[in-house]
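Residue numbers (numbering that gives the first Met the number 0), protein chains in the order written: chain Y, 0 to 152; chain A, 0 to 140.
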Amino acid sequence: MTSVTVDESFQGRVYPASGATAVTAGAVRAFARAVRAVHPAHHDTAAAQALGHADVVAPPTFAVTLAQRADAQFITDPAAGIDYSRVVHGEQSFTHHRPIVAGDELSAELHVDRVRVVRGNAMVTTRTELRLADGTPVCTAVSTLVVRAPEEQ
Amino acid sequence: MSTVRFEDVQVGDALPAARHEVTRADLRAYAEASGDRNPIHLDESVARSVGLPDVIAHGMLTMGLAGQSAADWAGDPAAVLEYATKFTAPVVVPAQGAAVVEVAGTVAALDEQRRTATVDLAVTSAGAKVLGRARAVVRLP
């Protein structure tokens, strides 16, 4: 059986946050449109403030944009040996400690929690911890990616 | 937007059903908005070359669309405290027309202390279950 090769020694690796990403109202609105999140709190600052938020609120899956950028440090590292065109998403979870709103400056710390080859496919689980500059936890995003084995020739 | 209250909700209650049409243009828009430009979502020759039937939707687009059912029901997008799923089958998006993603939701559990509801989402496309164990925990007023 053809099998994916992936460097299992990456398991346990932590990529510290490097700088912070500013969440813009434009990014929140564009993402909300793309997932058809029509609630006014995503689009209109006044509507968000009426619900007690500082600015427009990101949809529940917006954090993936920051998590995938953090993931890329590992996924696109040639040493990890991952063929990105064979990557499909296996599982995803978000735990929101606090809503993400426009104006947040979020740092992303990436943990490679698990790297295994299962029945020829590589299963990679990463966890991104998004925090404010003062360390306040905002969101924990856990992603399992599957690197599919090449088809039998 | 609904204004459901915790006291009015019971385990087994159904959320309003949702139906989403997903086109190639929607995948391009999601790729732009999310930064996920994996070509298996944009280019059918790449998708086929890696053994997929055609261009497939970003799993995260499907998850995002489905999550709207829980967020809309709760009435406040910030009420979604937890949201998780497995991706069990791809949503195949044709060059012409649209794939259809259907979402049904059921209240699976209630937590009186936290005033939260656990919502199970059943998400299908072309008869296939595309999300598995899709579950959101939402805080209710």
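Backbone N, C-alpha and C define an ideal beta-carbon position, used for all residues, glycine too.
Whose C-beta lies closer than 6 Å to the C-beta of residue i among residues of the same chain, with five residues either side of it excluded?
i	result
Thr-135 of chain Y	none
Thr-124 of chain Y	Asp-112, Arg-113, Thr-143
Gly-104 of chain A	Leu-14, Ser-68, Val-118, Leu-120
Ala-88 of chain A	Ala-127, Val-129
Asp-82 of chain Y	none
Val-87 of chain Y	Val-145
Val-34 of chain Y	Pro-58
Phe-5 of chain A	Arg-114, Leu-139
Lys-148 of chain A	No statement about residue 148 of chain A is possible, as the shown extent of chain A runs from 0 to 140 and does not include it.
Gly-58 of chain A	Phe-86
Is there at least one Cβ from chain Y nearer than 8 Å to residue i's Cβ?
i	result
Gln-112 of chain A	no
Lys-128 of chain A	no
Gly-163 of chain A	An answer regarding residue 163 of chain A cannot be provided, because it is not within the stretch 0 to 140 covered by chain A.
Pro-38 of chain A	yes
For a contact meaning CB atoms closer than 7 Å, what does residue i contact in chain A?
i	result
Arg-85 of chain Y	Val-49
Thr-64 of chain Y	Ser-33, Gly-34
Around the Cβ of residue i, are there at least 16 other Cβ atoms within 10 angstroms (buried) or fewer (exposed)?
i	result
Arg-23 of chain A	buried
His-38 of chain Y	buried
Ser-44 of chain A	exposed
Pro-93 of chain A	exposed
Gly-63 of chain A	buried
Asp-133 of chain Y	exposed
Thr-75 of chain Y	exposed
Ala-36 of chain Y	buried
Gly-11 of chain A	exposed
Ser-124 of chain A	buried
Find the residues of chain A that neighbour residue i, judging by a C-beta separation of less than 9 Å, and give them in chain order.
i	result
Thr-125 of chain Y	By Cβ distance, chain A contributes nothing, its closest Cβ being about 14 Å from Thr-125 of chain Y, past 9 Å.
Leu-105 of chain Y	Simply none; closest approach about 14 Å.
Val-56 of chain Y	Asp-75, Pro-76, Ala-77
DSSP beta-bridge partners for residue i?
i	result
Met-122 of chain Y	Y:Arg-115, Y:Val-145
Gly-124 of chain A	In the sequence as displayed, the identity of residue 124 of chain A is Ser instead of Gly. DSSP lists A:Val-100, A:Ala-127 as partners of Ser-124 of chain A.
Pro-136 of chain Y	Y:Arg-130
Phe-86 of chain A	A:Leu-130
His-110 of chain Y	Y:Val-13, Y:Arg-126
Val-136 of chain A	A:Glu-81, A:Thr-117
Taking 7 Å as the limit between beta carbons, can you name the residues of its chain near residue i, skipping five residues before and five after?
i	result
Gln-10 of chain Y	Val-111, Arg-113, Val-114
Pro-52 of chain A	Val-91
Ala-53 of chain Y	Val-100, Gly-102
Ala-62 of chain Y	Phe-93, Ile-99, Leu-129, Cys-138, Ala-140
Ala-148 of chain Y	Thr-1, Ser-2, Val-3, Gly-119, Asn-120
Determine the chain Y residues that contact residue i at a beta-carbon separation under 9 Å, and present them in chain order.
i	result
His-19 of chain A	Arg-35
Val-45 of chain A	Ser-84
Taking C-beta pairs closer than 8 Å, name the residues in chain Y that residue i reaches, listed in chain order.
i	result
Glu-81 of chain A	Ser-92, Phe-93, Thr-94, His-95
Asp-53 of chain A	Within chain Y, no residue comes near Asp-53 of chain A; the closest Cβ sits about 14 Å away, beyond 8 Å.
Gly-96 of chain A	Within chain Y, no residue comes near Gly-96 of chain A; the closest Cβ sits about 18 Å away, beyond 8 Å.
Phe-86 of chain A	Val-87, His-88, Gly-89, Glu-90, Gln-91
Tell me, please, whether the CB atom of residue i is closer than 8 Å to any CB atom in chain B?
i	result
Ala-40 of chain Y	In the displayed structure, chain B is absent; the protein chains listed are Y and A.
Among residues of its own chain, excluding the 5 on either side of residue i, which ones have a beta-carbon nearer than 8 Å to its beta-carbon?
i	result
Gly-96 of chain A	Thr-22
Asp-42 of chain A	Val-54
Arg-153 of chain Y	Nothing about residue 153 of chain Y can be reported from this structure: the residues present for chain Y run from 0 to 152 only.
Does residue i come within less than 8 Å of chain A when only Cβ atoms are used?
i	result
Ala-110 of chain Y	Note on identity: in this sequence residue 110 of chain Y is His, with Ala being the wrong assignment. With 8 Å as the cut-off, His-110 of chain Y does not count as an interface residue toward chain A.
Thr-60 of chain Y	yes
Ala-69 of chain Y	no
Pro-98 of chain Y	yes
Val-22 of chain Y	no
Gly-140 of chain Y	In the sequence under discussion, the amino acid at residue 140 of chain Y is Ala, which differs from the Gly named in the question. So no, Ala-140 of chain Y is outside the interface.
Leu-131 of chain Y	no
Gly-89 of chain Y	yes
Run through chain Y and tell me which residues come within less than 7 Å of residue i, C-beta to C-beta.
i	result
Thr-117 of chain A	The premise fails here: Thr-117 of chain A is roughly 14 Å from chain Y at the closest Cβ pair, so nothing lies under 7 Å.
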